[in-house]
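Data block below; observations after.
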């Protein structure tokens, strides 16, 4: 068997290699479901014509495109690129705001390309690696960005690594300090945007930073450890992917592939059922368990239960303790999108980024009052999971003990199992969720799922093609959109359609050609990041195949596109360096600068030949000083 270089695998591929899901699926069920959906395959084949293939106006937005020729985009779309730098439209400029290893505080050593960056101590005082979700906060007259650092590239920053794993306790500490969160003040001067070194707002949170556990699961036996017998204080937040912001001005960071940080010193340790469902294995991706017993599941079996949450951070107070909000459920959180309902209650939409997992929402019991007490809003409420019907309707199912057969705490610690118990709809890797600020509708990037219709998810749930996930072996992805009943995000019912199905009409003439709003000029695959601007345009970022050949010919590097929800028009605004993911998006307070994250770039971006490639945030402006977008 050919050896596999695991350092080059995505988290999704790493999970599949280390903990493969069941290979068998009930083919008869696939066929029966397909036939029951009014000629499922025939419906798919007419996607490219804009036909309403699934009952209630699938792709209705693209049909409207033909009736609205006027574009809302203030830029000329750009072509694909295959090089190792960033490209933006004519009339726009870009520059690097900050990159991995740049100092947040005085006294940080100079970045050493030959030594893999910085040592562990300096790393904890510098901008981390692999930037992801971010938000900008206006605090008084200061602009503060909070940004995630999802994971570490061991080949780049650990020269003595063994198969991508740490070789010492010092290696582990460096990896732990490379990741998690940066909070930093930024300012614009004559030379452009920069980080305010030594700002009182600056802080680095790492895998060892104290975190308070709150909500219904706090103090439960499932979260207690020898180091924390009360089950209310954990260390660190990890694999922080997408993000969100609350109406009251705090940052929500989301723990995604936390399972890969744990392993066992006992090769015969028998994993409980929830470890199997969540992918917690006997071998961690970085080898933390060899040098830090906290990550050894044979010695600390409850420690994985203390990860996989959404963490709330106050960017205005660098001394505040982040809070893990257990009421929002535990799974591989991609991001968190908040909305305030007409009655004042807070709604948080979330996706679980694994093939065949679910979409969730949380509704607070209490109402949000600007300037009022917000302490209960993310602790006291109800968690729901989504059920999509093939006829374009859907329902949010409350994960209550009566519905799931589990205790209230178990439904939160084991949210995936609770979702399976009530028959939630398996989705094609639900990634970023976004809520339109000028219309009552939500969107979710379903990035891809090559296992769709091939084998079940980790819980054994059927993954036959279904309404919002209509293609088997789906390597392109799609974006589902839903409309809450009565224009109220707290409603149980909703209707849905697909805003776009990514595909390649230059290669395929069936469902894999994509929807009508996909054409030779805007090809993309694997929609991942997503954010609305204040005018109601949706910005779509990709993390997919950039080989630019075969099924992906004409797609070039990963990119960021702008979409008009009304017309369905989608155009390419930015391309990233080859090898990178474009992820994370926010704006300056005056919306005249757009900040975009570039994760794991190839080549030597953003430096010179011979430099290490460094993830970065770039600042994009219009040459005429206008609003970006």
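In the numbering used here, the protein residues as written are 247 to 875.
Yeah, the Cβ is synthetic: ideal placement off N, Cα and C, and Gly gets one too.
Whole-angstrom distance between residue 389 and residue 487, CA atom to CA atom: Here the question's residue 487 lines up with position 241 in the chain shown. Here the question's residue 389 lines up with position 143 in the chain shown. One C-alpha to the other measures close to 22 Å.
Cβ-Cβ separation, residue 380 to residue 832 (assumed contact under 8 Å), whole Å: Counting from 1 along the chain shown, the entry for residue 832 is found at position 586. Counting from 1 along the chain shown, the entry for residue 380 is found at position 134. Yes, residue 832 and residue 380 are in contact; Cβ-Cβ is about 5 Å, under 8 Å.
Distance between beta carbons of residue 441 and residue 344, contact taken as under 8 Å: Here residue 344 is taken as the residue at index 98 of the chain shown, counted from 1. Here residue 441 is taken as the residue at index 195 of the chain shown, counted from 1. With a Cβ gap of about 5 Å, residue 344 and residue 441 count as contacting.
Beta carbon of residue 448 nearer than 7 Å to that of residue 430: Within the chain shown, the letter at position 202 stands for residue 448. Within the chain shown, the letter at position 184 stands for residue 430. In contact: residue 448 and residue 430 (Cβ atoms closer than 7 Å).
Residue 254 versus residue 410: straight-line alpha-carbon distance, rounded: Taking the chain shown and counting its residues from 1, one reaches residue 254 at position 8. Taking the chain shown and counting its residues from 1, one reaches residue 410 at position 164. Cα to Cα, residue 254 sits roughly 9 Å from residue 410.
Residues near residue 461 in its chain [Cβ-Cβ closer than 7 Å; skip 5 each side]: Position 215 of the chain shown, counted from the start, is the residue given in the question as residue 461. Within the same chain, residue 461 has close Cβ partners 571, 572, 573, 625.
Test item: CB-CB of residue 763 and residue 814 under 7 Å: Counting from one through the chain shown, the residue named residue 763 turns up at place 517. Counting from one through the chain shown, the residue named residue 814 turns up at place 568. The answer is yes: Cβ separation under 7 Å.
Spatially closest choice to residue 585 from 840, 614, 601, 576, by CA coordinates: What you label residue 585 is simply residue 339 of the chain shown in a count that begins at 1. Of the candidates 840, 614, 601, 576, the one whose C-alpha sits nearest the C-alpha of residue 585 is 614.
Where residue 666 sits in the DSSP three-state scheme: Translated into the one-based positions of the chain shown, residue 666 becomes position 420. Note: residue 666 maps to helix in three-state DSSP.
From 494, 514, 710, residue whose alpha carbon lies closest to that of residue 616: For the purposes of this step, residue 616 is identified with residue 370 of the chain shown, where counting begins at 1. Nearest of 494, 514, 710 to residue 616, Cα basis: 494.
Alpha carbon of residue 689 to alpha carbon of residue 727, nearest angstrom: For the purposes of this step, residue 689 is taken as the residue at position 443 of the chain shown. For the purposes of this step, residue 727 is taken as the residue at position 481 of the chain shown. Rounded to whole angstroms, residue 689 to residue 727 spans 4 Å at the Cα level.
Integer-rounded CB distance, given that residue 829 should sit under 8 Å from residue 774: Translated into the one-based positions of the chain shown, residue 774 becomes position 528. Translated into the one-based positions of the chain shown, residue 829 becomes position 583. With a Cβ gap of about 6 Å, residue 774 and residue 829 count as contacting.
Backbone CA spacing between residue 822 and residue 794 [nearest angstrom]: As a first step, residue 822 is located in the chain shown; it is residue number 576 there, counting from the start. As a first step, residue 794 is located in the chain shown; it is residue number 548 there, counting from the start. If I take the Cα positions, the gap works out to 14 Å.
Residue 800 versus 552, 770, 530, residue with shortest Cα-Cα distance: For the purposes of this step, residue 800 is taken as residue 554 along the chain shown, with counting starting at 1. Considering only alpha carbons, the answer is 770.
Inter-stretch contact (C-beta, 8 Å, three-pair minimum) for the segment 509–517 and the segment 540–550: yes
7 Å Cβ cutoff met for residue 368 and residue 355: Your numbering for residue 368 matches position 122 in the chain shown. Your numbering for residue 355 matches position 109 in the chain shown. Yes; because the gap between Cβ atoms is below 7 Å, this pair is in contact.
Proximity below 7 Å, CB of residue 463 to CB of residue 658: Within the chain shown, residue 463 is the residue found at index 217, counting from 1. Within the chain shown, residue 658 is the residue found at index 412, counting from 1. For residue 463 and residue 658, yes; Cβs fall inside 7 Å.
Whether residue 902 touches residue 604 by CB criterion (7 Å): Shown here, the chain extends from 247 to 875; a query on residue 902 therefore has no answer.
Contact test: residue 454 Cβ vs the ligand MN heavy atom, cutoff 6 Å: The model on display carries no ligand, and the ligand MN is accordingly not part of it.
Proximity to residue 609 [Cα-Cα], best of 414, 734, 637: Position 363 of the chain shown holds residue 609. Ranking 414, 734, 637 by Cα distance to residue 609 puts 734 first.
Proximity to residue 869 [Cα-Cα], best of 340, 316, 264, 266: Residue numbering aside, residue 869 sits at position 623 when the chain shown is read from its first letter. Residue 340 is the option with its Cα nearest to residue 869.
Contact the segment 841–859 vs the segment 386–402: 3+ CB pairs below 8 Å: yes
Same chain, Cβ closer than 8 Å to residue 872, neighbours up to 5 away in sequence not counted: If you number the chain shown from 1, residue 872 lands on position 626. Correct list, in chain order: 320, 838.
Cβ separation of residue 668 and residue 623, assumed to be a contact under 8 Å, to the nearest whole Å: Mapped onto the chain shown, residue 668 falls at position 422. Mapped onto the chain shown, residue 623 falls at position 377. Between residue 623 and residue 668 the Cβ distance is about 25 Å, and since that is not below 8 Å, they are no contact.
Sequence-distant residues of the same chain with beta carbon closer than 6 Å to residue 749, five excluded per side: Here residue 749 refers to the residue found at position 503 when the chain shown is read from its first residue. Closer than 6 Å at the Cβ level, and outside the excluded window around residue 749, lie 722, 758, 759, 760, 764.
Coarse secondary structure for residue 363, derived from DSSP in three states: Working through the chain shown from its first residue, we reach residue 363 at position 117. If DSSP states are grouped into helix, strand and coil, residue 363 belongs with the strands.
CB of residue 818 within 7 Å of CB of residue 324, strictly: Start at 1 with the first residue of the chain shown, and residue 818 comes out as number 572. Start at 1 with the first residue of the chain shown, and residue 324 comes out as number 78. The answer is yes: Cβ separation under 7 Å.
Cutoff 7 Å; reference residue 471; Cβ partners in own chain excluding five residues on either side: Here residue 471 refers to the residue found at position 225 when the chain shown is read from its first residue. Closer than 7 Å at Cβ, skipping near neighbours: 546, 548, 549.
Where the alpha helix (DSSP H) containing residue 425 begins and where it ends: If you number the chain shown from 1, residue 425 lands on position 179. First-last for residue 425: undefined, no H or E at that position.
CB-CB length for residue 825 against residue 816, believed under 8 Å: Within the chain shown, numbered from 1, the residue matching residue 825 stands at position 579. Within the chain shown, numbered from 1, the residue matching residue 816 stands at position 570. 24 Å between Cβ atoms; not a contact.
Inter-residue Cα distance where the pair is residue 866 and residue 706: Position 620 of the chain shown, counting from 1, holds the residue named residue 866. Position 460 of the chain shown, counting from 1, holds the residue named residue 706. Cα-Cα distance, rounded: 45 Å.
First through last residue of the alpha helix (DSSP H) which encompasses residue 647: To locate residue 647, count along the chain shown from 1; it is residue 401. First-last of the alpha helix (DSSP H) with residue 647: 647–650.
Distance, residue 578 Cα to residue 599 Cα: For the purposes of this step, residue 599 is taken as residue 353 along the chain shown, with counting starting at 1. For the purposes of this step, residue 578 is taken as residue 332 along the chain shown, with counting starting at 1. Cα to Cα, residue 599 sits roughly 6 Å from residue 578.
Through-space distance from residue 607 to residue 642, alpha-carbon basis: Walking along the chain shown from the start, residue 642 turns up at place 396. Walking along the chain shown from the start, residue 607 turns up at place 361. Straight-line measurement puts the Cα of residue 607 at about 8 Å from the Cα of residue 642.
Cβ pair residue 697, residue 675 closer than 7 Å: Stepping through the chain shown from its first residue, residue 697 is reached at position 451. Stepping through the chain shown from its first residue, residue 675 is reached at position 429. No, the Cβ-Cβ distance between residue 697 and residue 675 is not below 7 Å.
Three-state secondary structure (DSSP) of residue 403: By 1-based counting over the chain shown, the position of residue 403 is 157. Taken through DSSP and simplified to helix, strand or coil, residue 403 comes out as helix.
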